[in-house]
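Numbering (our numbering), first residue to last: -5 to 373. Below is one structure; the comments refer to it alone.
What follows is the structure, given as C-alpha cells:
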C-alpha cells in the first residue's frame, strides 16, 4: 500500500513537472498561456478567446501568440491567482470572490450586488471605470500580486436554479445554495445555507445532493450541466455581480510587451469585455434558457413576489456589511469605492439603452471611454 501511494505521489509530481516544462517552453517561444478553469464549451472559451487571440497575433505581426488551455488543466478558479503570480501561466480568468484577500478592493466592488433592472452594459462600464480611474488600491493590490488587470465584465441578474421549486421565503429555509461574496450573505439572511463552491465544484455537489440550488445565470445550466439536475428556475432576478477580470495577467509578462503591444491588448480587452457582457450574459444567456427548457426539461417557475424579501432585506444592510468586510481586509476607504461604482452605474444606464445589444457599438464605447484612457505603464 505504501509503495502504491509513493508511486502515485511520484506520478503526480512528474505530471506537474511536465506541465510546468510545457508551459515554460511555450511561454519562452512567445506563445503565452491563458489558463481558464471553465469548461471548453463555455462561451468565453468557445467563442470569444479564440478570435481575440487571433486578433492579437495579427496585430502584433505574429510577435505574440496566446494559447488557451481550458477546463482547469493548469489551475482552478481559486488557484488561478497564484498560478499567474508565480508564472505557471501568463494569464487567466480572475473571479475575486474565490480569494477575497488577494484583491480586497476589487472584492468590495464584486460583492456589491446591483439590484433593479439587469444591465450588464452599464455595470461593466461602471466597474471598469471605477477600477482604472477611481480605485488606486485596486491596481496596487494587483501589483502586490505580481499581476495586472486587463478587461472585465459583470454578469446579468442571477436567479435560483434548484432541484425543486421554491416560491416562498419559508421554502428557502435550510436549503443549501452555491453562493459567494455578497450573495452568500444575502442568502444567509434569507435562511439558506450558502456553500462557497466554485462553478465547477458545484456540478458534483448538485449531482450528489450536496447542494439544493445554484445561484447564477441561465447559460451555466447548459455549459456547466446544472440543468441536468437543477430543473426548476425561479423567475425572480436577484441582482447582478462583477467584475470578472478577463485578463488577470502576470506582471512580468505585461512588462515584457512593447508600448504598442500593450495598447493592442487594451484595445482587444474592450472587445473581450463587450462580447462577454452582451454576447454571453445577454444573448447567449437567453438562448441557453430556451435550450435547456426544450432539451433538458427545465421549468421556469412563476414565483410572483414570494421571494422579493431576499433582495429587499439585504439591500438595507449590504453597504455596511461590504464596508466592514473590506476594512477587515485592510482597504482604507471601501465606502468611497462602493459609492463611486453605484453612482457610475446610474450614470451609464441611459447610455446603455443607446447601445442595446450592439456589440460593435459597445466595443467602440469601451475603447473610447475606458481603455484608450488607461495608461499601460500605471497598471
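All C-beta atoms in this analysis are idealised placements derived from N, C-alpha and C, irrespective of residue type, glycine included.
Exercise. Out of curiosity, what's the CA-to-CA distance linking residue 259 and residue 26?
Worked result: Taking the Cα positions, residue 259 is about 13 Å away from residue 26.
Exercise. How would you label residue 105, buried or exposed, when you count the other beta carbons within 10 angstroms and need 16 or more for buried?
Worked result: Result: buried.
Problem set entry | Same chain only: Cβ atoms within 7 Å of residue 276, ignoring 5 sequence neighbours per side | 114, 150 and 351
For this session: Determine the contact status of residue 153 and residue 303, defining contact as a CB-CB distance below 8 Å.
Result: no
Exercise. Taking the DSSP output, what are the residues bridged to residue 28?
Worked result: 62 and 85
Exercise. What is the DSSP secondary structure of residue 356, counted as helix, strand or coil?
Worked result: helix
For this session: Classify residue 155 as helix, strand or coil using the three-state DSSP reduction.
Result: strand
For this session: Compute the beta-carbon to beta-carbon distance between residue 123 and residue 338, rounded to the nearest angstrom, for a pair I have assumed lies under 8 Å.
Result: 5 Å
For this session: Quick one: residues in its chain with C-beta nearer than 6 Å to the C-beta of residue 119, no 5 flanking neighbours on either side, listed in chain order?
Result: Within the same chain, 342 come within 6 Å of residue 119 by CB-CB distance, once the 5 residues on both sides are set aside.
Exercise. Is residue 201 buried or exposed, if buried means 16 or more other CB atoms sit within 10 Å of its CB?
Worked result: Residue environment for residue 201: exposed (fewer than 16 other C-beta atoms within 10 angstroms of its C-beta).
Problem set entry | CA nearest to the CA of residue 138, picked from 121, 366 and 97 | A check of alpha carbon separations from residue 138 across 121, 366 and 97 identifies 97 as the nearest.
Exercise. Quick one: what does DSSP say residue 244 is sitting in, helix, strand or coil?
Worked result: strand
Problem set entry | Limits of the beta strand (DSSP E) - the one that residue 221 falls within | Unbroken run through residue 221: none, as it is neither H nor E.
Exercise. Between the beta-carbon of residue 279 and the beta-carbon of residue 211, is there less than 8 Å?
Worked result: yes
Exercise. With burial defined as no fewer than 16 other Cβ atoms inside 10 Å of the residue's Cβ, what is the status of residue 326: buried or exposed?
Worked result: exposed
For this session: Measuring alpha carbon to alpha carbon, tell me which of 160, 176 and 234 ends up nearest residue 92.
Result: 176
Exercise. Just curious, the alpha helix (DSSP H) that residue 201 is in, first and last residue?
Worked result: 195 to 202
Problem set entry | Identity of the residues DSSP links to residue 234 by a beta bridge | 108
For this session: Measure the alpha-carbon distance for residue 143 versus residue 252 and round it to whole angstroms.
Result: 17 Å
Exercise. Name the DSSP bridge partner or partners of residue 141?
Worked result: 244
For this session: Please classify residue 175: does DSSP put it in a helix, a strand, or coil?
Result: helix
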